[in-house]
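Trainee: The listed protein sequences derive, respectively, from chains A and B. Each residue of the first sequence is one higher than the one before, counting from 1 in the UniProt record's numbering. Each residue of the second sequence is one higher than the one before, counting from 1 in the UniProt record's numbering.
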Amino acid sequence: MLTKRIIPCLDIKDGRTVKGVNFVQLRDAGDPVELAKIYSDEGADELVFLDITATVDKRKTLAELVTKVAKAINIPFTVGGGISTVEDVKVLLYAGADKISINSAAVNNPGVIDEMAREFGSQCIVVAIDTRNVDGLDFVHTHGGRKPTLLQTQAWAKEVADRGAGEILLTSMDHDGTKAGFANEILAEISSALSIPVIASGGAGTMVHFKDVFTFGKADAALAASIFHFKEISIPDLKRYLDGEGISVRK
Amino acid sequence: MKIAVIKYNSGNVQSVLYALERLGVVAELTDDPEKIRAADKVIFPGQGEASTAMSYLKARKLDQLIKALKQPFLGVCLGLQLLCEHSEENDTECLGIFPVKVKRFIPENSQEFKVPHVGWNELENLAENPLLTDLPANPFVYYVHSFFAELSDYTIATSHYIHDFTAILHRDNYWAIQAHPEKSSVVGEKLLANFLSI
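Okay, structure coming up:
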């Protein structure tokens with residue numbers, strides 16, 4: 001049976017993990033490769049690396065990091081952040097990334113989704129959507145959720161799927177950082193309407209939230225950062241819990 | 001031991017090389033027929049679209065070469081599909097090592113079953129086979145595919161998505177895995193290590 005995926009997300013700046021992480025076994029708390037290896041050994045199903053490096057010349061560092069990660073870990077991983085062209089994607093896939101994720105670039109130029117899917121296959125193109133509810137309607141936001149667009153989230157999700165996205169990573173900016181649970185309502189709405197997998201992001205605080213997002217939220221995968229980095233929830237414990245709740249996970 | 005990984009217009013070949021490296025094996029990525037013929041083991045990775053890949057192989061006569069090889073040969077993902085007889089993906093005649101048809105997943109219920117089949121799924125109905133020795137119980141492997149090989153006499157493991165499909169094939173010196181062993185954690189490493197010791 002196909003299992004639900006648990007995906008830790010690592011924020012990267014200039015080739016180093018940004019948010020403080022609370023892993024005693026880490027020799028170097030900023031080394032993404034070491035952290036990735038720990039998560040992979042603990043049973044994470046995939047990893048996401050989100051690059052928040054601002055400057056273009058530092059992006060070479062990212063490709064080098066991707067190669068180091070690809071050599072070290074034996075599970076799939078996605079790289080996102082600042083990717084806008086087919087050339088950007090090529091560099092990262094050749095460096096060893098399994099998938100890439102695009103966000104603002106897709107909003108600014110939706111045709112780039114078709115282009116990337118045609119060139120590399122839908123399976124490696126993840127479109128990240130940041131959504132926020134404004135007066136009862138869901139709108140796509142860019143720039144880390146700060147900048148509203150006129151795109152309605154549900155319609156945009158359908159469009160990116162039609163254009164050839166292989167998966168959608170949906171982050172609710174209303175839930176992100178609250179630890180009050182995922183945005184199950186909109187997740188379920190989008191996941192039910194589309195034939196591609198939806199990765200839920202934003203709001204994970206407890207193990208129950210993961211159960212809820214896989215049942216009520218109909219998500220195919222769930223992503224979280226700080227609760228894993230700060231060891232509030234360990235991946236083996238989470239999987240044991242979900243298994244006990246009748247949710248199929250890889251053991 | 002000389003390992004050749006067939007170089008063609010397929011994505012993500014690098015991951016296979018890295019996975020072999022983690023097993024302490026340096027493989028050569030090559031489309032040189034002499035080097036492929038001389039290798040002790042040949043790996044045929046794959047990701048992409050069937051008809052484009054077949055045209056590429058035919059243009060370089062790699063199709064004839066693959067069919068004539070006698071050493072242990074491992075197809076991975078699209079590599080498995082290309083070793084079959086025919087694929088529904090753009091109605092493609094494939095290499096025909098396995099008299100098996102490759103079909104598209106058609107979900108009866110698209111809310112429950114999405115296509116592609118992406119993620120971790122179990123290997124089931126494992127046959128006695130050198131490729132499958134000493135695997136853990138309920139081994140999980142990582143899949144990303146929209147097309148699958150039908151069940152056949154050459155199926156040595158199955159997985160279930162919508163229905164049972166062929167997870168692993170074996171005939172003579174040819175083995176093929178639909179999942180990505182290079183991304184399937186310790187189970188994938190064991191499958192690759194088993195292949196290397198055949």
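Every residue, glycine too, gets a C-beta built ideally from N, C-alpha and C.
For Ile190 of chain A and Leu196 of chain B, what's the separation of their Cα atoms in angstroms?
Mentor: Locating residue 190 of chain A in the first sequence gives position 190, counting from the first residue. Locating residue 196 of chain B in the second sequence gives position 196, counting from the first residue. Each residue's alpha carbon lies about 44 Å from the other.
Trainee: What do you get for Met207 of chain A, buried or exposed, if any count of 16 or more other CB atoms within 10 angstroms of its CB means buried?
Mentor: Numbered from 1 along the first sequence, position 207 holds the residue referred to as residue 207 of chain A. Buried.
Trainee: Which whole runs of the beta strand (DSSP E) in the region 77-146 of chain A are 3 residues long or more, in chain order?
Mentor: You should have 77-80, 99-102, 125-134, 137-142.
Trainee: Under 8 Å by Cβ, that's how I've got Lys190 of chain B and Leu123 of chain B pegged, so tell me the actual separation to the nearest angstrom.
Mentor: As a working mapping, residue 190 of chain B is identified with position 190 in the second sequence. As a working mapping, residue 123 of chain B is identified with position 123 in the second sequence. No, Lys190 of chain B and Leu123 of chain B are not in contact; Cβ-Cβ is about 11 Å, not under 8 Å.
Trainee: Span of the alpha helix (DSSP H) holding Gly79 of chain B?
Mentor: Numbered from 1 along the second sequence, position 79 holds the residue referred to as residue 79 of chain B. Taken as a continuous stretch (DSSP letters only), the alpha helix (DSSP H) holding Gly79 of chain B covers 78-83.
Trainee: Against Leu62 of chain A, what residues of chain B qualify as contacts under a CB-to-CB distance less than 8 Å, listed in chain order?
Mentor: Position 62 of the first sequence, counting from 1, holds the residue named residue 62 of chain A. In chain order: nothing, as chain B lies at least about 16 Å away.
Trainee: Three-state secondary structure (DSSP) at Ile73 of chain A?
Mentor: In the first sequence, the residue the question calls residue 73 of chain A occupies position 73. DSSP places Ile73 of chain A in coil when its eight states are reduced to three.
Trainee: Assign residue 233 of chain B to one of two classes, buried (16 or more other C-beta atoms within 10 Å of its C-beta) or exposed (fewer than that).
Mentor: Because chain B here runs from 1 to 198, residue 233 of chain B falls outside it and cannot be looked at.
Trainee: Rounding to the nearest angstrom, what Cα-Cα distance links Ser185 of chain B and Gly119 of chain B in this structure?
Mentor: Locating residue 185 of chain B in the second sequence gives position 185, where the first residue counts as 1. Locating residue 119 of chain B in the second sequence gives position 119, where the first residue counts as 1. Rounded to whole angstroms, the gap between the alpha carbons of Ser185 of chain B and Gly119 of chain B is 12 Å.
Trainee: For Glu185 of chain A, decide whether its Cβ has a neighbour in chain B, counting only Cβ atoms nearer than 8 Å.
Mentor: Counting from 1 along the first sequence, the entry for residue 185 of chain A is found at position 185. Output row for Glu185 of chain A: interface = no.
Trainee: For a minimum of 3 consecutive residues, which ranges assigned as the beta strand (DSSP E) are wholly contained in the region 166-216 of chain A?
Mentor: 167-172, 198-201
Trainee: So Ala19 of chain B contacts chain A; which residues on that side make the cut at Cβ distance below 8 Å?
Mentor: Mapped onto the second sequence, residue 19 of chain B falls at position 19. In chain order: Asn74.
Trainee: For Glu89 of chain B, which residues in chain A fall below 8 Å Cβ to Cβ?
Mentor: Residue 89 of chain B sits at position 89 when you count from the first residue of the second sequence. Neighbours of Glu89 of chain B on chain A: none; closest Cβ ~12 Å, over 8 Å.
Trainee: Give a yes or no on whether the minimum CB-CB distance between Gln71 of chain B and chain D is below 8 Å.
Mentor: The structure shown contains no chain D; the protein chains it does contain are A and B.
Trainee: Answer yes or no: does any C-beta atom of chain B fall closer than 8 Å to that of Leu238 of chain A?
Mentor: As a position in the first sequence, residue 238 of chain A is number 238, starting the count at 1. No, its Cβ sits nowhere closer than 8 Å to a Cβ of chain B.
Trainee: Cutting at 7 Å between CB atoms, please list the residues of its own chain near His145 of chain B, excluding the five before and the five after it.
Mentor: Position 145 of the second sequence holds residue 145 of chain B. Here the set comprises Cys77, Pro116, His117, Gln178.
Trainee: For Phe147 of chain B, which residues in the same chain have their Cβ closer than 8 Å to its Cβ, ignoring the five residues on either side in sequence?
Mentor: Taking the second sequence and counting its residues from 1, one reaches residue 147 of chain B at position 147. So the list reads Ala50, Gln81, Ser87, Glu88, Glu89, Val102, Lys103, Arg104, Phe105, once near-sequence residues are dropped.
Trainee: What does Thr3 of chain A reach in chain B if we use C-beta pairs closer than 8 Å?
Mentor: The residue given as residue 3 of chain A occupies position 3 in the first sequence. The answer, in chain order, is Gly119, Trp120, Asn121, Phe140.
Trainee: Under 7 Å between beta-carbons, which chain B residues line up against residue 254 of chain A? List them in chain order, please.
Mentor: In the structure as shown, chain A starts at 1 and stops at 251, and residue 254 of chain A therefore has no counterpart that could be examined.
Trainee: Near Ala224 of chain A, what residues of its chain come up, given a Cβ to Cβ distance below 6 Å and the 5 sequence neighbours on each side ignored?
Mentor: Reading the first sequence from its first residue, position 224 is the one you call residue 224 of chain A. For Ala224 of chain A, the CB contacts under 6 Å within the same chain, skipping 5 residues up- and downstream, are Ala204 in chain order.
Trainee: Whose Cβ in chain B lies nearer than 8 Å to the Cβ of Arg250 of chain A?
Mentor: Here residue 250 of chain A refers to the residue found at position 250 when the first sequence is read from its first residue. Going along chain B in sequence order, the residues near Arg250 of chain A (Cβ under 8 Å) are Trp120, Phe140.
Trainee: Nearest to Leu95 of chain B by alpha carbon, out of B:Lys70, B:Ile66, B:Asp31?
Mentor: For the purposes of this step, residue 95 of chain B is identified with residue 95 of the second sequence, where counting begins at 1. If we check each option's Cα against that of Leu95 of chain B, B:Ile66 comes out closest.
Trainee: Taking C-beta pairs closer than 8 Å, name the residues in chain B that Tyr94 of chain A reaches, listed in chain order.
Mentor: If you number the first sequence from 1, residue 94 of chain A lands on position 94. Among the residues of chain B, those whose CB is under 8 Å from the CB of Tyr94 of chain A are Gln14, following chain order.
Trainee: Can you say whether Thr78 of chain A is buried or exposed, counting buried as having 16 or more other CB atoms within 10 angstroms of its CB?
Mentor: In the first sequence, residue 78 of chain A corresponds to position 78, counting from 1. Buried, because 16 or more other Cβ atoms sit within 10 Å of the Cβ of Thr78 of chain A.
Trainee: Taking 8 Å as the CB-CB cut-off, is Asp138 of chain A touching chain B?
Mentor: Looking up residue 138 of chain A in the first sequence gives position 138. It does not: the Cβ of Asp138 of chain A has no partner Cβ on chain B nearer than 8 Å.
Trainee: In chain order, which beta strand (DSSP E) runs of at least 3 residues are fully inside the region 12-37 of chain B?
Mentor: Counting whole runs of 3 or more residues, the region 12-37 of chain B contains the beta strand (DSSP E) stretches 28-30.
Trainee: Which residue wins for smallest C-alpha separation from Val69 of chain A, given the options A:Ser40, A:Ser84, A:Thr53?
Mentor: Mapped onto the first sequence, residue 69 of chain A falls at position 69. Here the closest residue by C-alpha is A:Ser40.
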